[in-house]
Structure formats: structure tokens, C-alpha cells
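Residue numbers (UniProt numbering): 1 to 905. We put the CB at the ideal spot given by N, CA and C, even for glycine.
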């Protein structure tokens with residue numbers, strides 16, 4: 001029991017916070033409260049009204065299970081009950097919440113074990129009955145029933161019911177209480193134990209009310225019974241609510257802010273005396289819980305923890321559910337579904353100006369020293385109200401995401417906003433949730449804005465120019481320089497890969513110390529399969545003087561081959577959720593051999609850059625991986641300088657940190673599964689679909705439906721590299737759904753020079769495809785890199801119609817359309833001619849039959865027919881002259897009474 005002073009203080013605080021009019025169950029509160037944020041209204045009501053609570057009643061035979069259910073449902077005691085009752089539904093007004101409750105009676109016979117296990121799995125709460133006069137039934141709760149429940153439904157709340165309590169004498173009660181406390185001490189999931197008597201209908205309703213309360217207001221997510229402390233998830237959620245009500249951001253809640261919290265959550269305000277009582281209690285119990293400026297976070301958590309320790313869980317849960325939390329202390333689907341993220345392929349979600357302003361405010365708030373930088377500790381403090389740190393914000397060695405403006409774990413404001421824009425583009429739902437976790441007070445719909453995606457016609461150019469983020473996939477053969485482009489975009493040095501940088505440890509530098517070329521290639525292949533793709537993100541100033549975020553994702557050669565093979569066989573864009581990702585993945589897994597971390601190395605090994613005329617590139621038909629880190633500059637190009645990725649005047653210092661690919665072995669993923677952010681480990685980044693083949697293999701195919709632009713990089717010193725890029729571009733842009741994909745060609749290693757024969761081939765191919773000449777870049781020339789990044793944004797947003805390749809498939813489709821149009825016009829003209837002839841002869845027949853004895857003459861194309869009759873006396877002469885192209889050119893009457901003119905071509 002509680003000490004009288006502690007009980008009085010607990011009751012006083014509870015009465016102060018909820019008001020004197022509140023009852024024991026503080027649920028009679030209006031769901032729509034003035035001043036409450038719009039997005040939190042009715043979430044609590046929806047949570048309460050969309051479920052039926054299932055309670056299973058277990059126990060040894062003859063412990064009173066059936067009588068307990070019968071008395072609760074009928075308020076009468078049946079002296080001779082049936083062995084087992086069917087599922088019984090309690091009246092709707094049984095509980096104040098008016099939630100349907102279904103009670104399930106069970107049998108302890110061995111032949112009913114399978115049905116009993118199914119009932120336990122499907123139940124929301126369990127009532128375990130025992131007979132106080134039979135100690136063996138209480139012991140079986142610990143040895144039999146509790147382990148069975150934990151095995152089948154580990155997190156389910158349990159209520160112990162001491163049935164037939166009317167048989168206990170005053171002398172037996174202390175002994176029974178001691179035995180029950182000793183048993184319950186070892187059972188963490190037991191909520192409470194109640195003495196009840198079905199015969200006298202005593203505490204029967206309370207048993208199921210407590211079970212219902214344990215379901216609606218679970219203790220497990222809030223409190224650790226073993227350590228007697230509040231769980232971290234509950235602390236994070238309550239801290240977010242504290243930050244929302246801290247309007248002046250001084251770290252404390254003033255009297256006005258406390259009353260605002262009280263009115264929003266409970267619909268009542270506190271008087272001056274009640275506020276004084278709260279201050280007094282907090283000051284006595286928590287040093288520093290209440291300062292001169294108001295209630296601190298420690299004091300706020302103390303009050304909520306006091307409610308939990310005293311069994312007032314409904315108070316804490318009402319606060320949490322007012323702000324969109326579910327039973328797992330995550331933002332509920334009802335809240336996040338207010339923003340539709342399932343958009344058509346031509347639309348995309350981006351951060352709104354409101355969201356950017358909120359993030360800038362948060363950056364300034366946590367930048368305590370006003371340095372324009374957020375350290376790792378400050379970044380962790382920013383996400384302290386979220387359940388976990390998002391994958392995109394973890395170490396570069398894990399997510400392989402390089403952002404310009406980040407220096408290790410330190411973020412500048414530009415890098416901070418750029419990373420958020422990338423997250424919103426690739427995973428808008430998770431980004432929306434994290435923005436709300438940070439303490440945004442408005443509605444979720446204000447954080448994301450809908451934009452147009454990949455509309456090549458000029459009519460939508462203004463809409464596409466409003467885009468602020470571009471996602472670009474970079475294709476190329478092994479060793480052509482893809483990774484160098486991405487490192488330059490992120491402001492990384494070209495030699496970071498050799499030091500184990502962000503490009504991964506599976507490159508040539510890592511493989512040089514291995515066991516030969518085969519071991520090097522196997523390491524690269526496995527790293528590209530098991531790790532997320534290398535991604536570079538930066539803010540670039542475009543040609544229209546607007547700053548936009550450019551995200552470039554590297555697609556290795558082996559994954560490109562799988563992508564094109566699977567998409568060609570399925571006839572759909574590979575990995576597109578709206579276009580049948582499973583079929584493409586299945587085709588890929590069927591035709592292409594799976595590669596495991598312990599299997600043999602591929603036959604074709606990609607050599608690194610040579611010191612001579614370039615690098616030897618694996619054949620296009622092979623499966624050699626373009627391992628991250630193998631795309632460095634040629635030996636003669638020198639290391640790249642660390643300057644601005646955009647080339648527009650903003651500088652970026654040398655990056656001291658390295659972010660290599662995770663050495664975690666690849667884990668097989670089920671076919672068609674999408675790696676979710678925050679799943680832990682080296683999860684695939686958003687926009688990459690994992691399709692599993694045999695155990696030990698991972699296929700990470702890019703989602704072409706989410707791509708704004710495709711960059712094909714080839715080594716300007718290698719004809720094989722150009723041939724692979726040209727062939728891959730033709731295949732990719734011929735796939736359904738990718739005909740309007742803007743393409744940019746990049747000639748890497750331009751400092752070495754391109755031979756005349758290869759230059760002629762490239763010029764002829766670009767002229768045939770109606771594409772601009774490739775953009776020449778060199779690892780040491782950051783000016784050319786900046787020009788490339790600006791050109792990429794122009795290709796994707798400002799002038800996409802000028803960069804759509806005129807592939808043979810597109811030409812044949814256009815010829816077919818022209819033939820169909822010509823055929824349709826010809827058919828229409830023939831029909832019109834037939835109708836004119838029919839009308840002409842019908843009119844002539846009517847005139848001939850209507851003439852009564854008149855005379856006339858009829859000439860028709862020299863056929864020589866004549867007739868006469870008496871009538872009006874009008875002569876009609878129709879002359880049809882053959883045209884040069886065949887057919888009738890004109891039919892003119894000689895007198896002007898009938899005039900039909902048909903012109904055919």
C-alpha cells in the first residue's frame with residue numbers, strides 16, 4: 001500500500017492537474033477543444049472507436065472462469081453453469097469508453113490446447129483465474145499459464161483474478177495476499193490482482209474494466225517495471241509535447257503555457273492556487289524542476305511519471321494521443337495519412353517554404369554558439385524527440401550518403417537543408433513524421449508541397465521550374481569516373497576513396513592488398529550488392545540564378561545490366577512500384593546468377609585506371625561490378641581540389657572524414673521488398689528496391705520512375721566504355737515509361753584527351769539521337785564539374801525536351817504514328833467521297849422520277865446515258881472529269897439548279 005502522505009500528495013496533484021470536477025476515469029473530455037491543433041482533433045476518438053477489445057479468460061479447471069463471464073454479462077449467478085461458454089459480448093455501456101468487449105471462455109483440457117493457443121494469440125488481454133483455496137492453481141499461474149502466454153503473445157497485459165473470494169476468511173486473507181505478491185513479483189506483465197466473487201457479484205465488473213484499461217492505456221510502452229523508470233520512448237514523446245507548448249523556447253513552461261497545455265489536453269484551466277500547489281510539490285521532489293521562469297522539462301516528466309507510478313495511465317495516454325501517438329509511441333497512421341504520398345508518376349512531393357523556415361529555426365535554436373554549424377551532439381539533441389535517428393542522418397560509412405556542407409558529423413546550414421530536401425524527395429512519409437517529431441505545431445499538409453515531375457512539353461516548363469530538388473541516376477561502366485563525379489558534387493577529395501572514404505572500401509585501393517584481381521573484383525561486386533548506392537547531394541545555383549538541391553545516385557555496371565535485362569524481359573520500367581516491380585525482379589532473379597559473399601568471383605574482372613591510355617573496361621555482357629571507389633581519376637589527372645561543387649562562388653573545405661562502405665555481409669531480401677529507412681544496418685537508401693534471388697544475394701535495382709534525369713558517363717579514352725554507355729542508353733530510353741527521360745552524356749577524364757576516331761563516333765551518335773555533345777569533365781578541373789552540375793539541373797528542369805534522345809524505338813514509334821494518321825485521313829476522305837457520290841446520285845434519281853413528261857439530258861463522265869421527260873422543262877447536265885490522281889474532281893450542273901462540289905486529293 002501507499003503511505004498516507006504519499007497517497008494524499010498523489011491525489012492532490014492528480015486533482016490539481018485535472019480539476020476538481022474530474023472523476024476517477026478522466027475520459028469525459030470533449031474531443032474537439034478550442035485552441036487545439038487542427039491535426040490532432042478526433043485522433044483520440046478514432047483510436048477509441050475503431051476497435052473491439054478481446055479478453056480471454058484462462059485458468060485451471062474449476063477455478064470460476066465460466067461463472068465470472070456469466071455474471072459479468074448477465075449480472076446474475078448461475079449455480080450450474082455450462083462447461084464452456086461461447087464468445088460473449090458485453091453491453092456497450094459496460095465501460096465508460098463505450099468500446100465493444102468480447103469475452104472468450106476457454107477450456108484447460110489437453111484436447112483443446114490448439115484452440116486455446118489460437119485464442120491467446122488473437123486476444124488483447126488475458127484474465128487468469130485461480131482458486132485461493134487451492135494453492136496449486138496459483139502456482140500453475142507461474143509455472144504453466146504465464147510462460148504459455150509469453151510464448152504465444154509476449155506483450156499482452158495479464159490480470160489475475162482471485163475467484164471465489166467469498167470463501168476466504170479474515171484469517172486466510174493475509175496468507176493468500178502474501179502468496180499472490182510473491183508470485184506476481186516474478187511476472188512483469190501482470191497488471192494487477194483482484195479479489196472477486198461471482199456468487200455475490202463482487203468486483204466482477206472491475207476485473208474486466210482493469211483488463212480493458214490495460215489494453216487502452218498499456219503500461220509496457222511507458223514504464224519499465226523491473227528498473228522502475230520511465231522508458232526512453234515515453235521520455236522522447238513527452239519531450240516533444242513539452243517543446244510544442246514552450247512557445248518562447250526558453251526551456252521552461254510559464255503559467256500561461258501550463259494553462260495552454262491544460263486546456264488543450266483536458267479542456268480545463270488551473271487556478272492560481274492550483275498552480276501554486278504544483279510549483280510547491282515539484283520544488284520539493286525535483287531539484288531544479290521549477291525555476292523562476294517556469295516548469296522545466298525535468299519537472300514536467302516528474303509529474304507524468306507520478307501519474308504512471310500511481311496507476312493514472314489514462315491521464316498520460318490522453319496527453320500522448322492528443323498529439324497523434326499510437327500504442328507503440330509512434331505517430332499514428334491517422335495523422336500521417338492526412339498527407340497523400342501515393343502520387344501519380346508525373347508528380348512529386350518536396351519540402352514547402354514553411355518546412356524550410358521551420359528547419360532554419362530549429363538549426364538556429366540548437367546552434368548555441370551561433371557558429372553556423374551543428375555538431376554531432378547538437379544534432380542528437382535535435383532528434384532527441386524522435387524514436388530513432390533516421391538512416392539518412394547516420395554515419396556515411398552506413399548510408400553512403402555524401403552531402404556538401406558536412407564535415408564529418410558537423411553540418412552547415414546549407415548541408416542541413418540539402419539533406420532534408422533529399423529525404424523529402426526520396427521518402428516523403430518518413431520525412432513528414434520526423435518533421436512532426438521535431439516539434440512542428442501546424443498541420444502535416446503544410447510541410448510538403450506537390451510539384452510536377454518529368455513533363456518534357458513546353459507548356460509545363462514553368463511548373464517544373466518551381467522544383468527545388470532533382471534526383472539523378474548516374475550510369476557508366478566500371479572505372480569510368482562515376483564515383484569521382486559524386487565526390488566532387490559533395491565537395492570530397494578524389495583521394496578519399498583510397499583512404500577508405502565515402503566511396504566505399506570495395507574499390508581498387510582496397511582490393512590491391514587482397515588476393516589478386518579475382519579477390520578484388522569479388523569484394524567490389526559484393527560491396528555494390530550489399531551496401532546502399534553511393535549518393536552525392538549538394539545545393540547548386542542553376543542557370544536561372546535559383547539554388548536547387550541536386551542528388552546524384554551511382555548505379556554500378558552490374559546492377560545496370562540486371563536492371564536492363566529485367567526491364568526488357570518484363571516490358572516495364574524496372575523496380576517501379578506502379579509498373580510491376582515484382583515481375584522485373586523475378587525475371588532478374590531467374591536469368592542472372594546470384595552472387596553470395598562466399599561464392600566464386602565473376603569471370604570478368606574490371607581493372608582499375610591504368611597509367612597509360614585509360615582504363616580497361618569489362619565487356620558489356622559481363623557482370624563485373626562498378627565498385628564504388630574504382631571510378632577515380634586517371635593516373636595523370638592528379639587529385640581534384642576541394643572547391644565548390646556548384647562552381648558558383650560557394651566554397652567547401654577539405655573533408656577530413658572518410659565514409660567507406662559498410663563491411664556488413666549482404667543479407668538476402670525477399671522479392672519485391674523495399675528497404676525502409678531506420679531499419680538499422682546498411683539498409684538500402686530510398687528509391688532502391690531490393691529483389692532477392694538465392695540466399696546470400698541482394699539485388700538493388702534503381703527505381704526509374706523516381707528519376708528526373710539520367711547521366712551516362714563514359715571514359716573518353718576508352719571506346720569500350722563509350723559503346724557500353726551508348727548501348728545502355730538506347731536500351732534504357734526504349735523502355736515503356738522511360739521514353740521521355742532526359743539524358744546527359746558526360747565524357748570523363750577529358751584531361752587525358754579523346755582520340756579522333758572515338759570523337760567522330762560520339763559526334764555521329766549524338767547527331768543521330770538529336771542530343772547535345774557530351775559535357776567534358778576532368779577530376780582536377782572543378783570548373784568543368786560545376787558546369788556539369790548546372791547542366792544537369794538544366795537538363796532535368798529548364799530544357800528537358802532538348803535532352804530526350806531520339807532512339808530507334810522512338811523513331812519507329814513516330815513513323816508508325818504518322819502511318820496511322822495518314823491511313824486515318826485516307827479512310828476519312830474515302831468515306832467523304834462515297835457520301836458525296838451517294839448524295840449526288842440520290843438527288844439525280846429524285847429529279848428524274850419527279851419529272852412528268854419533261855425533257856432533259858444527263859451526261860455523266862462520258863457514259864452516254866440520256867433521257868427526257870416533261871416536267872419543269874429544266875435541263876440538268878452533270879459532267880464528271882477524271883482527276884490526275886484518279887477519282888472524281890468535280891460535278892457541276894449545266895443549268896445551276898443542282899450544285900454538288902467534291903474535292904479529293
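In the structure shown, residue 437 falls within a helical segment according to DSSP collapsed to helix, strand and coil. In the DSSP assignment, residue 476 falls within the unbroken beta strand (DSSP E) covering 469 to 476.
Nearest Cα to residue 328 within the set 386, 146, 353: 386. The three-state reading of DSSP puts residue 79 in coil, since its state is none of H, G, I, E or B. In the three-state scheme derived from DSSP, where H, G and I count as helix and E and B as strand, residue 424 is classed as helix. By the beta-carbon neighbour count (other beta carbons within 10 angstroms, threshold 16), residue 411 is buried. At the C-beta level, residue 752 and residue 717 come within 7 angstroms of one another. A direct Cα-Cα distance of roughly 20 angstroms separates residue 842 from residue 829.
Using a Cβ distance threshold of 7 angstroms, residue 142 and residue 183 count as a contacting pair. Between residue 725 and residue 758, the C-beta gap is not smaller than 7 angstroms, which leaves the two residues out of contact. The C-beta of residue 361 has fewer than 16 other C-beta atoms within 10 Å across all chains shown, which makes the residue exposed.
Secondary structure remark: continuous beta strand (DSSP E) runs of at least 3 residues inside the region 153 to 218, in chain order: 158 to 162, 190 to 195. Counting along the chain, residue 300 sits inside the alpha helix (DSSP H) bounded by residues 297 to 309. Within the same chain, and ignoring the five residues on either side of residue 78 in sequence, the residues whose Cβ sits closer than 6 angstroms to its Cβ are 70. Rounded to the nearest whole angstrom, the C-alpha separation of residue 76 and residue 87 is 18 angstroms.
Of the residues assessed, residue 110 falls on the exposed side of the cut-off, its CB having fewer than 16 other CB atoms within 10 angstroms. A residue is called buried once 16 or more other Cβ atoms fall within 10 Å of its Cβ, and residue 96, having fewer, is exposed.
Within its own chain, the residues whose Cβ lies closer than 7 angstroms to the Cβ of residue 291, once the five positions on either side in sequence are excluded, are 252, listed in chain order.
Your pair residue 231 and residue 347 does not check out as a contact, with CB atoms roughly 40 angstroms apart and the cut at 8 angstroms. The Cβ neighbour count for residue 178, taken over all protein chains shown within 10 Å, is under 16; the residue is labelled exposed. Cβ neighbours of residue 188 within its own chain (closer than 8 angstroms, five residues either side excluded): 225, 226.
DSSP places residue 717 outside both helix and strand once states are collapsed to three, so it counts as coil. Going by DSSP, residue 827 is part of the alpha helix (DSSP H) stretching over 808 to 850.
According to DSSP, residue 411 shares a beta bridge with 374, 406. Annotation: residue 258 is outside any beta strand (DSSP E); the continuous alpha helix (DSSP H) that includes it extends over 255 to 266. With respect to the C-alpha of residue 89, the residue from 476, 83, 54, 289 having the closest C-alpha is 54.
The three-state reading of DSSP puts residue 777 in coil, since its state is none of H, G, I, E or B.
A check of alpha carbon separations from residue 92 across 294, 209, 325, 562 identifies 209 as the nearest. The C-alpha of residue 303 lies about 44 angstroms from the C-alpha of residue 343.
Residues of the same chain with a CB within less than 7 angstroms of the CB of residue 339, apart from the 5 flanking positions on each side, are 432, 444, 445, 448 in chain order. In terms of Cα proximity to residue 470, the closest of 211, 560, 536, 532 is 536. Per the Cβ contact rule, the region 276 to 287 is in contact with the region 299 to 315 (3 or more Cβ pairs under 8 angstroms). Put simply, the backbone Cα of residue 211 is about 23 angstroms away from that of residue 173. Here residue 57 is actually not in contact with residue 162; their C-beta atoms are around 14 angstroms apart, not less than 8 angstroms. Under the 8 angstroms Cβ criterion, the region 791 to 809 counts as touching the region 768 to 775, having at least three qualifying pairs. Here the alpha carbons of residue 297 and residue 289 stand approximately 7 angstroms from one another.
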